[in-house]
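Protein chains in written order, with full-length UniProt numbering: chain R, 1 to 445; chain F, 1 to 365; chain E, 1 to 127.
In this text, a Cβ means the ideal position worked out from N, Cα and C, and glycines have one as well.
These figures come from a predicted structure and were not determined experimentally.
Following: one structure in C-alpha cells, then a few remarks.
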Amino acid sequence: MLRNSSRSVFKRTLASHAKPQVTELSNGLRVATHANDQSASATVGIVFGSGSTAENPYNNGVSSALGNLFKSQGALPAAKAGVQLSSTVCKDSQSFLASYSGAGLNKSLDILQTQIAGALGSASDSAFAQATQQSLQQAEEFELNNHAGRVVEHLYSTAFQNTPLALPVRGTAEALQGLEKADLQNFAANHFRNSNAVIVGSGNLAHDELVKAVESQLSLQSGDKPVQKKQSSFLGSEVRLRDDTLPKAWISIAAEGEAVTSPNYYVAQVAAEVFGSFNAAEPSSRLQGIKLLDEVQEYHLCDSYNHFSLSHKDAGLWGFSTVISNVHQIDDLTHFTLKQWNRLTISVTEQEISRAKSLLKLKISSAAVDNVSIAKSLGADTLALGSASDLSQVFEKIDAITAKDVKSWASSRLWDQDIAIAGTGQIESLFDYMRLRNDMSMMRW
Amino acid sequence: MIGSRMRMLAARQYHISAKDSANKVSTLAVRVHGGSRYATKDGVAHLLSRFNFHNTGNKSALRLVRESELLGGRFESSVDREYITLKATFLKEDLPYYVSALGDVVYKTSFRPHELPESVLPAAKADLAQAETCPVKSSEELLYGVVFRNDLGNALLYDGVQKVNLDDIKAYADKVYTRDNIEIVGQGVNEGDLKRFVNDSLFASLPQGTSLAKETTPKTYVGETRVRSSQGDSVAAIAVPVAKSDFATYQVLATYLTSALFDLSSVIHKAKLDTYSNAGLFSLYVKGADAKVVSENIQKVVAALKKGQDISVAKEAASLQLALKNETDLFSEQLSLDKVKDFKLGKFSYAAVGDVSNLPFADQL
Amino acid sequence: MPQTFTSIVKIGDFILKTPALAKVVVPVAQQFINFSGYRKLGLRFDDLIEEENNVAQKALGRIAADESYARNFRMLRAHQQSLTHHLLPKAQWVKPEEDTPYMLPYLLEAEAEVKEKQDLDNLELVK
Numbered sequence: 001m002l003r004n005s006s007r008s009v010f011k012r013t014l015a016s017h018a019k020p021q022v023t024e025l026s027n028g029l030r031v032a033t034h035a036n037d038q039s040a041s042a043t044v045g046i047v048f049g050s051g052s053t054a055e056n057p058y059n060n061g062v063s064s065a066l067g068n069l070f071k072s073q074g075a076l077p078a079a080k081a082g083v084q085l086s087s088t089v090c091k092d093s094q095s096f097l098a099s100y101s102g103a104g105l106n107k108s109l110d111i112l113q114t115q116i117a118g119a120l121g122s123a124s125d126s127a128f129a130q131a132t133q134q135s136l137q138q139a140e141e142f143e144l145n146n147h148a149g150r151v152v153e154h155l156y157s158t159a160f161q162n163t164p165l166a167l168p169v170r171g172t173a174e175a176l177q178g179l180e181k182a183d184l185q186n187f188a189a190n191h192f193r194n195s196n197a198v199i200v201g202s203g204n205l206a207h208d209e210l211v212k213a214v215e216s217q218l219s220l221q222s223g224d225k226p227v228q229k230k231q232s233s234f235l236g237s238e239v240r241l242r243d244d245t246l247p248k249a250w251i252s253i254a255a256e257g258e259a260v261t262s263p264n265y266y267v268a269q270v271a272a273e274v275f276g277s278f279n280a281a282e283p284s285s286r287l288q289g290i291k292l293l294d295e296v297q298e299y300h301l302c303d304s305y306n307h308f309s310l311s312h313k314d315a316g317l318w319g320f321s322t323v324i325s326n327v328h329q330i331d332d333l334t335h336f337t338l339k340q341w342n343r344l345t346i347s348v349t350e351q352e353i354s355r356a357k358s359l360l361k362l363k364i365s366s367a368a369v370d371n372v373s374i375a376k377s378l379g380a381d382t383l384a385l386g387s388a389s390d391l392s393q394v395f396e397k398i399d400a401i402t403a404k405d406v407k408s409w410a411s412s413r414l415w416d417q418d419i420a421i422a423g424t425g426q427i428e429s430l431f432d433y434m435r436l437r438n439d440m441s442m443m444r445w
Numbered sequence: 001m002i003g004s005r006m007r008m009l010a011a012r013q014y015h016i017s018a019k020d021s022a023n024k025v026s027t028l029a030v031r032v033h034g035g036s037r038y039a040t041k042d043g044v045a046h047l048l049s050r051f052n053f054h055n056t057g058n059k060s061a062l063r064l065v066r067e068s069e070l071l072g073g074r075f076e077s078s079v080d081r082e083y084i085t086l087k088a089t090f091l092k093e094d095l096p097y098y099v100s101a102l103g104d105v106v107y108k109t110s111f112r113p114h115e116l117p118e119s120v121l122p123a124a125k126a127d128l129a130q131a132e133t134c135p136v137k138s139s140e141e142l143l144y145g146v147v148f149r150n151d152l153g154n155a156l157l158y159d160g161v162q163k164v165n166l167d168d169i170k171a172y173a174d175k176v177y178t179r180d181n182i183e184i185v186g187q188g189v190n191e192g193d194l195k196r197f198v199n200d201s202l203f204a205s206l207p208q209g210t211s212l213a214k215e216t217t218p219k220t221y222v223g224e225t226r227v228r229s230s231q232g233d234s235v236a237a238i239a240v241p242v243a244k245s246d247f248a249t250y251q252v253l254a255t256y257l258t259s260a261l262f263d264l265s266s267v268i269h270k271a272k273l274d275t276y277s278n279a280g281l282f283s284l285y286v287k288g289a290d291a292k293v294v295s296e297n298i299q300k301v302v303a304a305l306k307k308g309q310d311i312s313v314a315k316e317a318a319s320l321q322l323a324l325k326n327e328t329d330l331f332s333e334q335l336s337l338d339k340v341k342d343f344k345l346g347k348f349s350y351a352a353v354g355d356v357s358n359l360p361f362a363d364q365l
Numbered sequence: 001m002p003q004t005f006t007s008i009v010k011i012g013d014f015i016l017k018t019p020a021l022a023k024v025v026v027p028v029a030q031q032f033i034n035f036s037g038y039r040k041l042g043l044r045f046d047d048l049i050e051e052e053n054n055v056a057q058k059a060l061g062r063i064a065a066d067e068s069y070a071r072n073f074r075m076l077r078a079h080q081q082s083l084t085h086h087l088l089p090k091a092q093w094v095k096p097e098e099d100t101p102y103m104l105p106y107l108l109e110a111e112a113e114v115k116e117k118q119d120l121d122n123l124e125l126v127k
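Dropping the structure here:
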C-alpha cells in the first residue's frame, strides 16, 4: 500500500535513455557501449576474459602485475593527455580502462593500444620487474591489514580447492616472487586476444563512433580463445588462520552459490538480501527488518555482517562474512545465523522477500553510477552472457521472484548442504566443521 | 488560483535544483549551512547530524527505516566543515515519500532525551574512534585548527571536551534548519515534481531564517603542530589557505602533485584542495611506517615546491578530474583552469603525527 | 505480560471520565493505598512496579538522573525500615501530592515502542 500510493503519482521516461549496444567486428572483436549523453566524461577500454581463474598456482598474480604495468607505464602519457587510467583484476576478467572528457577518444585508444603492446613485450625489463614488485607489495599489504578481505580469499581457496576459483586475485607472495618478464609476456600473448576481449565504452560517446575508431586504431592479436583446463567445483571444507594477537575475529561461511549464467542468479541475490548487511555502530542499521538481528543485537554477537551471493563463470558462493568483537560467543552467532538460513527453505515470508527485492533493486541500480564501474560491468556481462544486461529487464526478473522461488532454491542449495568456512583472528570458539554443518538443517520445525 | 500562486512563491524561496537522468535510482540531498564552522559549541554540528533520521513527530525512526526498506531506499546524514547533508537514495518512483520524509526530519525531529545517550552518542563516539585511527585525518584536523583557529578550524567531530546537551542541539537545529539556510538538490529527479512535492511537505513550514553562509575572507594564520601517536603510520603534512581567486591554481596543483607529471608523486599520499564559500585549504600528506623515510620525503617534496613548478601541464588532467567528480557528486562546482601557469610554495603550516621524534620541524623544511 | 501499563492507563482514564464509576472506584483505591502502607515506608507507587523485564529496564534507564537517585534512596530507606520493623516518622511519610507517576510516562513510551516493533515485524503484504 505504501508503494501504490506513490507510484501512480508519477512515472516518466527519458528520451536520452540509451540501451547498451553490442557490435561484433569482422575480426571477432566485440564492441559494447552504454552511452549517456548527459555525462560530462566518457570511459573506453578493453575487458579481457582472463582474471585469476586463467592463472595457475605458479603464475598466480600475473594479471595483477599486468594491471600494475598498465597503470605505471601509462601514467605519464595519460596525465599529459588528460586521461585517467584504471585496471581491475576480477576472478574471471580484467579491465584496462581510460577515462577522458571532451575529444579524448583517439588519445585514449592510443594509450590503450600502446600499453597493451607494452604488456606483450615492448616495455622495458625494469618496468616488468617493478610492476611485479608492486603486486608483491600489494599482496603482502592485503595479507597483513585487510583481514576481512583475506578471509574471503581464503574462503574461495578452501571452497574451490585445486580448481581455478581457488586462486586469489592479487596472487600469492610465493608465486609473485618467482614471476619473470617472460611469464607476464606469455600470459598476455595467450589471453589478450580478439576472441577473448570486449571493447567497452560508457558515458558521453556514440556507439558508431567508437566502433569506427576501434576498427581504425585498435588491433589485438588474433587467435583462438584460450581454453580453461578445469571447471571450478565446490568442496565443503574449512580453513582456520587463528591469530590471537588480532583484536577481533573475522569469519566467513558459505554454501555453493550460483554461476552468473544460472537462471537462479537473481533468486540467490534476493535470498542474500533477506539478511542483508548490518553494522552495529550505525543506528539505522540496527532498526532493519531482519529477524536475525533480534538475536544478534540482544547479545551483541557481532560488530557487522554482510550476506553475499558471489557469482562467477562456472560457480558461485552464497554466504556471509562477519566481524566479531564478542569472541566468546561465536558459536551463538553462527548457530543463529545458520538457523535463519534454514528459514529460507521452510518459512521465509512474502514480506521479507518483498523487502529484499526492493533493496536488491536499489543496490543494483545505485552500484553502477560512474562511467568506470558501468564500463567494467558492461565488459564482464558481455563476456559472460554475450550481451549487456539492461536494468529494466533485470528489474522485471527480480519483480517476478516469489517466496516460493526462494524456498525451492534454498531447499536445493542451502538445506543440508556442505559449507565452506574461513576465519582469522580470535576464533578459538568457532565450532568445528561438523557442528556447523549440522546447523544447515533441522530435525524438526 | 491564488492559492497555487502563493505556493509557487513559497517554492521560489528555496534553493531547489534537480537534474533528471535515465537512471533507475534517484538521489535527494538537503544541504544545510550547519557544519562545524557554524557550531555554537564544539561538536554540536556532528551531534545534530547524527540526530537526523531519529524519531520525528510524525514517525518513529523504526517506522522510517522499515517503510523505506520496503520501498527500496536508504538515508544517510553526514557532516563536514561547511554543511550538514541529509541524503536519500531511492528507486525513482518513490520521490514523494522521500521528500516528505526529509521534510519531516528537518522540521519535526522530536529530540527525545533518551535518544542522545542510547543512540546518538554511541554513533558519534564510533565516528570519532574511526577517525582517530587514521593519522591522515588527524593531521588534516590539526592543519585546519592551525590555519583557521576557529570557524573552519573548529573540531569536526564531537569529542566530549565541551559538554553538549540536548538543549544545545535543539537550539542549533532551530538556528540552522531554516528556509534560507538550506538547499535541496535532486539527481535523477524531475525539477517540477520536486518543487511541487517540497511545497506539499513540511519543508513549506520551516521558518524563513537567514542564510548563515559566510562570504568575507576569514583570517588565516601560519603555524605548526605535532602530536605523538601510536595509531598507524607517521604523517607529515603541510597546508596553505587558498583565496577564492586561487582555487584554479591549487586545483591543478593537487592534480599535478598526485599524477605522474611530478617526479615525487609516488611519495605523496594525498594532495587536495577543499573549497568553501569564502576560502579554501590546500593540503598535502606524506605517510609511511618509517618516520625517517617520511621525514626525507616531506623535505624533498617541500624543496621541490619551493623551487617552483610549471603546473600548466596538468590542466587537462585536472579538468578531467573535476568532470569526474562533478558526475558523481550531487553538488557540482565549476572552475576555469585556463589561466593556470606555475606554482611556487611560500609560507605554509605544518603538522606532524605519529613518531614525531623522527619527523622534521617546520623550520627544517 | 498479561496486562500492559498502556491498557491499565486506558481503563483508569475511562473510570475517571465516568462519574458513576469514579465515585465508587476512587475511594476504594485510596483505601487500598492506605492499607498497603507503602507511603509510610517512604515509597512512591512507581517504586513498586516490577522492574525485572525489558520494558521497565528501558524506562528506568530513561528517567532523569535525579529521579533515579531519589528512587534508589527511597528504596534503601524502605529496606532499612523493613529490616528494623519500623515505619518512618509521620512527618516523612510520602504525601499524596508527592506520589506522582515519575516512571509511568517512560513505561508507556517503552511499551509503545515494543508494540510498534511487533506490528512492523509482522506486517502483512497487501497486494
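For the region 335–362 of chain R, the set of positions with a beta-carbon nearer than 7 angstroms to some beta-carbon of chain E reads GLU350, GLN351, SER354 in chain order. In the same chain as ALA314/F, and ignoring 5 residues on each side of it, the C-beta atoms closer than 7 angstroms to its own belong to VAL252, THR255, TYR256, SER259, LEU261, in chain order. For ARG62/E, the nearest beta carbon of chain F is closer than 7 angstroms to its own beta carbon. Around THR322/R, the same chain offers ILE251, CYS302, TYR305 as residues with beta carbons nearer than 6 angstroms, after the five sequence neighbours per side are excluded. The beta carbon of GLN92/E lies closer than 8 angstroms to those of GLY42 in the same chain, with the five residues before and after it left out. With respect to the C-alpha of SER284/R, the residue from ALA123/F, THR89/F, GLY186/F having the closest C-alpha is ALA123/F.
Rounded to whole angstroms, ILE33/E and LYS40/E show a C-alpha spacing of 10 angstroms. At least one CB atom of chain R sits nearer than 7 angstroms to the CB of GLU69/F. In terms of Cα proximity to LEU109/R, the closest of GLY178/R, GLY45/R, VAL198/R, LEU241/R is GLY45/R.
Closest in C-alpha terms to LYS306/F, from the list GLY346/F, SER336/F, LEU320/F, SER277/F, comes GLY346/F.
Non-local beta-carbon contacts of SER86/R in its own chain, meaning distances under 7 angstroms to residues more than five positions away in sequence, involve LEU97, VAL372 in chain order.
Closer than 7 angstroms at the C-beta level to chain F, one finds these residues of the region 106–125 of chain E: GLU116, LYS117, LEU120.
The beta-carbon distance between LEU167/R and SER52/R, rounded to whole angstroms, is 5 angstroms. This is short enough to meet the 8 angstroms contact definition. Between the alpha carbons of SER17/F and GLU352/R lies a distance of about 36 angstroms. For the region 281–348 of chain F, the full-length alpha helix (DSSP H) segments reaching 4 residues or more read 291–307, 315–328 along the chain. The DSSP-derived three-state label of HIS54/F is coil. Following the DSSP letters along the chain, one finds GLY186/F inside the beta strand (DSSP E) bounded by residues 182–187.
By the CB criterion at 7 angstroms, SER349/F and VAL25/F fall outside the cutoff.
Distance between GLY289/R and ARG63/F, taken at the CA atoms: about 10 angstroms.
VAL151/R and GLY73/F have their C-alpha atoms roughly 30 angstroms apart.
For GLU82/F, the CB contacts under 6 angstroms within the same chain, skipping 5 residues up- and downstream, are GLY35, TYR276 in chain order. Taken in chain order, the complete beta strand (DSSP E) segments of 3 or more residues contained in the UniProt domain "Peptidase M16 N-terminal" (30–172) of chain R are 30–35, 41–48, 84–89, 94–101. Contact annotation: the region 109–119 of chain F does not touch the region 206–214 of chain F, with fewer than three C-beta pairs closer than 8 angstroms. For HIS114/F, the neighbours in chain E by C-beta distance under 7 angstroms run, in chain order, ARG62.
When 8 angstroms is used as the limit between beta carbons, ARG63/F is near these residues of chain E: GLU116, LEU120, in chain order. Below the 8 angstroms Cβ cutoff, chain E contributes no neighbours of GLY104/R, its closest Cβ being approximately 50 angstroms away.
Contact of GLN38/R with chain F is assigned, a C-beta pair being separated by under 7 angstroms.
Here the region 226–236 of chain R lies against the region 151–166 of chain R, with 3 or more beta-carbon pairs under 8 angstroms apart. Contact annotation: the region 361–369 of chain R does not touch the region 73–84 of chain R, with fewer than three C-beta pairs closer than 8 angstroms.
With fewer than 16 other Cβ atoms inside 10 Å of its own Cβ, ARG242/R counts as exposed.
In terms of Cα proximity to LYS163/F, the closest of SER245/F, GLY43/F, LEU324/F, LYS341/F is GLY43/F.
Judged by DSSP in its simplified three-state form, ASP80/F adopts coil rather than helix or strand. Proximity of GLY153/F to chain R, defined by a Cβ-Cβ separation below 7 angstroms, is not satisfied. Interface annotation, THR328/F: in contact with chain R, CB-CB separation under 7 angstroms.
Contacts with chain F at 7 angstroms (Cβ-Cβ) do not include GLY201/R. Between the alpha carbons of SER283/F and LEU220/R lies a distance of about 43 angstroms.
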